[in-house]
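Working notes, structure below.
Protein chains: 2
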Amino acid sequence: MTAKVKQILDMNAFSPDSARTTDPNSLLGRRLNNFGAASVLFYRNPIEMAGGHGAWLTAKDGTQYLDFYNNVPSVGHTHPKVVEAVSTQVGKLNINTRYLSGVVDDYLDRLKKTFPDYLDNILMCCTGSEANDLALRIAMQRSGKRGFIVTETAYHGNTLAVTHISPAALKKDPLPDHVVAVPAPFSRIYGQDPGKGFAGAVKQAVAELEERGHGCAGLICDSIFSSDGVISDPPGFLSEAAAVVKKAGGLFIADEVQPGFARTGTHMWGFQRHNLSPDLVTMGKPMGNGFPMAGVAAKSSDVKRFCEHVGYFNTFGGNPVAAAAGQAVLDIIEQEGLMENAHLAGSHAMAGLKAIRQKHSQISDIRGCGLFIGMDLCVDGDPDKPDPALASDLINALKRRHILIGAAGKYGNTLKLRPPLCLSIKEVDIFMDSLSQSLNQLI
Amino acid sequence: MTAKVKQILDMNAFSPDSARTTDPNSLLGRRLNNFGAASVLFYRNPIEMAGGHGAWLTAKDGTQYLDFYNNVPSVGHTHPKVVEAVSTQVGKLNINTRYLSGVVDDYLDRLKKTFPDYLDNILMCCTGSEANDLALRIAMQRSGKRGFIVTETAYHGNTLAVTHISPAALKKDPLPDHVVAVPAPFSRIYGQDPGKGFAGAVKQAVAELEERGHGCAGLICDSIFSSDGVISDPPGFLSEAAAVVKKAGGLFIADEVQPGFARTGTHMWGFQRHNLSPDLVTMGKPMGNGFPMAGVAAKSSDVKRFCEHVGYFNTFGGNPVAAAAGQAVLDIIEQEGLMENAHLAGSHAMAGLKAIRQKHSQISDIRGCGLFIGMDLCVDGDPDKPDPALASDLINALKRRHILIGAAGKYGNTLKLRPPLCLSIKEVDIFMDSLSQSLNQLI
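Line order of the protein sequences matches chains A and B.
So the first sequence is numbered by this note's numbering: it starts at 56 and just counts up by one.
So the second sequence is numbered by this note's numbering: it starts at 56 and just counts up by one.
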């Protein structure tokens with residue numbers, strides 16, 4: 056990320072440097088004193104939230120914000136069934152998995168049914184970072200290699216090992232020697248057949264890793280490419296790259312933290328939409344609608360090989376409260392038809408955005424599926440002139456209209472739409488009106 | 056760990072190899088199919104738990120077990136105040152820390168008051184593993200070095216980076232080149248002044264790390280040495296080793312996941328009992344009484360330096376539900392006088408164990424403070440003849456008497472007492488009677 060883009064992106068975020076002028080007794084001042092430089096707050100004037108329901112968050116001052124950003128409370132903020140499941144189970148039993156508990160395996164049995172049969176084990180942990188950290192290690196053990204291929208603005212989490220494969224998290228340091236980043240499969244980069252171009256780049260990366268003496272342990276992809284700026288089409292575009300990696304003895308790891316749990320509108324998992332057969336699948340964020348839980352789906356043979364070398368146990372992972380929350384999330388997705396709703400509301404949103412694009416040449420591209428959409432903003436609509444300042448202004452203009460949203464991508468010029476899956480058509484329309492008004496005002 | 060010790064230790068645990076004879080439709084069979092080789096279950100016949108209250112767990116078959124093992128539900132299983140705090144907050148708001156929320160900083164302000172003033176930032180994450188992973192990185196950034204010193208049976212968590220500094224987790228592979236393990240400060244190893252001897256070993260380890268070209272980024276210690284087999288005395292025995300590391304430009308990291316939150320009976324944190332000034336403090340397990348949460352206390356200058364290089368954000372870390380759970384835990388420790396109780400019940404337990412030792416020469420040593428006690432079992436009471444088989448038999452005999460307990464240490468011959476802090480004197484007596492009967496039966 057260039058210094059200039061970084062500077063512009065920071066316009067969306069509260070800058071801890073403003074601490075000098077912040078009342079240390081205010082909530083913001085206290086936060087800055089508590090988290091210090093690790094304070095990561097949205098907006099120049101951060102919002103104090105007090106409540107949430109469905110697709111809405113309520114600020115302390117009573118303002119209702121329509122949430123187009125947060126993908127963790129995926130079935131809706133404070134969904135009563137999740138609240139009930141957590142409250143009931145935390146009052147009954149919360150213990151680690153060294154003891155048996157029916158609720159845990161009821162959940163795992165059900166979750167496993169959403170995966171291909173060959174992924175016959177699920178290891179439970181607490182965060183997507185832990186899931187990806189574990190997946191990297193299983194891949195290294197199986198392949199006997201240590202090199203990984205990622206996309207150039209990928210973010211896979213925050214442990215040391217996972218930060219190494221997360222170019223988006225690095226501010227100054229280069230990627231370590233065992234990691235090679237390739238551009239994400241944008242057609243503007245790879246041309247009309249981005250899958251083929253991407254596979255070519257991955258093949259080069261494999262050769263590079265072999266030359267460096269690391270070999271290729273795996274390719275890890277978030278199949279919706281959230282932090283790269285959202286790429287969804289054409290379905291199947293990752294097959295060739297996955298095949299290249301498998302041929303080289305590496306594993307294909309599907310990071311489903313972002314596209315998973317029905318968000319893409321037609322499948323439970325992003326890799327299914329692309330008809331892929333990942334060796335490992337990691338999941339997190341929406342898994343418990345905010346209860347800290349995550350997991351790795353793997354082949355039992357790979358788990359066995361890994362566990363011969365290392366004793367893996369996760370104290371909080373797969374506890375009965377997490378299982379109850381996870382079970383409620385699966386119930387709600389099914390009973391409320393949230394996958395279908397993600398498809399319907401997402402299609403309505405996509406149509407709305409395309410109509411708005413007709414009036415605003417600054418919108419150079421719109422990509423996505425279900426309720427995961429990216430909209431590029433460029434000067435004169437020229438894809439070579441990304442306009443992160445406009446994205447930042449738009450985010451702030453939408454905040455003034457009580458809509459929460461964020462940006463993504465290498466240049467920070469991609470508006471990222473990622474609302475709860477329970478979003479109604481009416482709420483899509485509220486967003487479209489606000490977006491349209493904001494664009495009219497700004498451009 | 057030798058193969059023989061490993062084999063004996065496994066006698067306490069369910070062996071997944073028994074899967075062949077397990078009904079795949081039983082709960083145990085389903086668990087083995089779900090977790091595969093990563094199934095980590097206690098006892099040859101694992102217990103299905105259904106409920107818990109105070110220091111007791113209730114199995115599905117109605118049996119009540121007195122819990123002398125689990126240190127996560129530290130204020131008592133399903134404590135009503137934690138249940139209420141979690142239930143209320145999860146129904147109100149559960150969101151990440153990119154937005155402000157009063158409950159989060161109310162908690163952090165209070166938690167910070169338990170630390171020395173110079174530790175002025177707290178970074179929130181979800182597990183002790185994440186906390187230690189983060190601490191290692193902050194230490195590497197501050198020191199400009201990458202080598203770490205640990206004790207030889209240490210366990211600090213399960214990420215890749217943290218497994219590297221956890222000899223207890225490695226089954227086959229040697230420690231990586233950047234990690235040097237030294238024997239924990241046992242007086243049977245270092246003599247009458249274990250602190251001095253330990254400091255000498257740490258000094259050698261620093262020299263070794265420098266010779267290997269890594270330098271010393273830090274020494275990380277759980278000050279109660281839980282997995283090494285519990286070492287508590289004399290208070291202050293770590294000062295010299297910490298000074299050696301600081302002089303070499305490394306950091307002293309206090310891993311408080313085990314001794315923290317008042318367990319040692321006289322101080323909130325283990326490092327305070329030893330009058331240490333750690334550069335970093337990590338905490339986890341009992342922090343939310345089972346709600347997945349953890350944290351790192353650090354100097355703001357170190358956090359700033361770290362964040363200049365890496366964007367650190369933890370999606371679930373420090374969410375309002377975790378903060379509510381954490382606040383309830385601090386309330387309960389204070390209102391119910393659990394630190395004092397840990398001291399009283401722990402002293403009563405220590406006296407009881409010493410009385411039992413008079414009758415059983417196989418008990419070669421008893422160490423500990425508050426409600427963290429280790430009791431060594433050796434053939435003929437000879438410290439050079441550890442008897443893990445007796446420890447295993449004792450664990451199973453205590454299970455038959457409905458007491459849950461576990462073993463620790465390099466040889467697995469240390470019975471580890473680590474009950475919830477709300478333990479009553481009467482419950483200590485129940486344990487002592489059962490222990491005495493079990494020993495009489497076994498020896």
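Backbone N, C-alpha and C fix where the C-beta goes; we use that ideal spot for every residue, glycine too.
message: Please classify A330 (chain A) as buried or exposed, where buried requires at least 16 other C-beta atoms within 10 Å of its C-beta.
response: Here the sequence assigns Asn to residue 330 (chain A), which means Ala is not the residue at that position. Classification for N330 (chain A): exposed.
query: Counting pairs of Cβ atoms below 8 Å between the stretch 405-412 of chain B and the stretch 356-369 of chain B, do you hit three or more?
result: no
- prompt: M342 (chain B) and A272 (chain B): beta carbons closer than 8 Å?
  reply: no
- request: Going by DSSP, name the residue or residues bridged to Y120 (chain A).
  value: A:L112
- request: Count the other C-beta atoms from every protein chain shown that fall within 10 angstroms of the C-beta of T76 (chain B), then say buried if there are 16 or more, exposed otherwise.
  value: exposed
query: Would a check of beta-carbon distances place I204 (chain B) closer than 8 Å to chain E?
result: No chain E appears in this structure, whose protein chains are A and B.
Buried or exposed by the 16-neighbour rule on C-beta atoms within 10 Å, applied to V483 (chain B): buried
message: Can you tell me whether P375 (chain A) is buried or exposed? The criterion is at least 16 other CB atoms within 10 Å of its CB, across all chains shown.
response: buried
message: With a threshold of 8 Å between beta carbons, is S156 (chain B) in contact with chain A?
response: yes
query: Quick one: Cα of I63 (chain A) to Cα of L432 (chain A), how far?
result: Here I63 (chain A) scores only 45 on pLDDT, less than 50, and its place in the model should not be relied on; the value that follows carries that caveat. In a straight line, the C-alpha of I63 (chain A) is about 14 Å away from that of L432 (chain A).
- request: List the DSSP bridge partners of K471 (chain B).
  value: B:G429, B:G461
message: So, with DSSP's three-state summary, where would you put H329 (chain A)?
response: coil
task: With DSSP as the reference, please indicate the residues paired to A303 (chain A) in a beta bridge.
output: Paired residue(s): none; A303 (chain A) is not in a bridge.
- prompt: CB-CB under 6 Å to R201 (chain B), same chain, minus the five flanking residues each way: which ones, in chain order?
  reply: M195, H233, H269, A272
message: How far does the alpha helix (DSSP H) with M394 (chain A) in it extend, from its first residue to its last?
response: 393-414
message: Using beta carbons (cut-off 8 Å, strictly below), is K136 (chain B) in contact with chain A?
response: no
- prompt: How about N176 (chain A) and A93 (chain B): are their beta carbons less than 8 Å apart?
  reply: yes
task: Can you grab the Cα-Cα spacing for the pair L385 (chain B) / D334 (chain A), in whole Å?
output: 43 Å
task: With DSSP as the reference, please indicate the residues paired to E389 (chain B) in a beta bridge.
output: None, per the DSSP bridge assignment.
message: Just to check my reading of the structure: V237 (chain A) and A256 (chain A) have Cβ atoms closer than 8 Å, yes? What is that Cβ distance to the nearest angstrom?
response: 4 Å
- request: Please decide whether L82 (chain A) counts as near chain B, where near means a Cβ-Cβ distance under 8 Å.
  value: yes
message: Between R197 (chain A) and chain B, is the shortest Cβ-Cβ distance under 8 Å, so that the two count as touching?
response: no
Residues from the stretch 344-372 of chain A in contact with chain B, defined by Cβ distance under 7 Å: G345, P347, S355, V358, K359, C362, E363, H364, V365, G366, Y367, F368, N369, T370, F371
query: Roughly how many angstroms separate the alpha carbons of A140 (chain A) and T133 (chain B), rounded to a whole number?
result: 15 Å
query: Considering only the beta carbon of each residue, do V205 (chain B) and P222 (chain B) sit closer than 8 Å?
result: yes
query: Are the C-beta atoms of L148 (chain B) and some chain A residue less than 8 Å apart?
result: yes
- prompt: Going by Cα to Cα distance, which pick from B:A110, B:R85, B:G109, B:Q413 is closest to P101 (chain B)?
  reply: B:R85
message: Quick test of the definition: if touching needs 3 or more C-beta pairs under 8 Å, does the stretch 463-483 of chain B touch the stretch 444-451 of chain B?
response: yes
- prompt: In chain A, which residues lie less than 9 Å from A209 (chain B) when you measure between Cβ atoms?
  reply: In chain order: nothing, as chain A lies at least about 13 Å away.
- request: Note down, in chain order, every chain A residue with its Cβ under 7 Å from the Cβ of D442 (chain B).
  value: Within 7 Å Cβ-Cβ: nothing; D442 (chain B) doesn't reach chain A, min ~22 Å.
- request: Could you check what DSSP says for M179 (chain B) in three-state terms: helix, strand or coil?
  value: strand
message: Quick check on F97 (chain B) - is its C-beta less than 8 Å from some C-beta in chain A?
response: yes
field: Residue span of the beta strand (DSSP E) that contains C424 (chain A), given as start and end
entry: 418-424
- request: Run the proximity test for I458 (chain B): is its beta-carbon closer than 7 Å to any non-hydrogen atom belonging to the ligand NAD?
  value: Although the ligand NAD was asked about, the structure shown includes no ligands whatsoever.
query: Nearest-angstrom Cα distance between L174 (chain A) and N125 (chain A)?
result: 29 Å
Proximal chain B residues relative to T133 (chain A), where beta-carbon distance stays under 8 Å: V145, G146, K147, L148, N149
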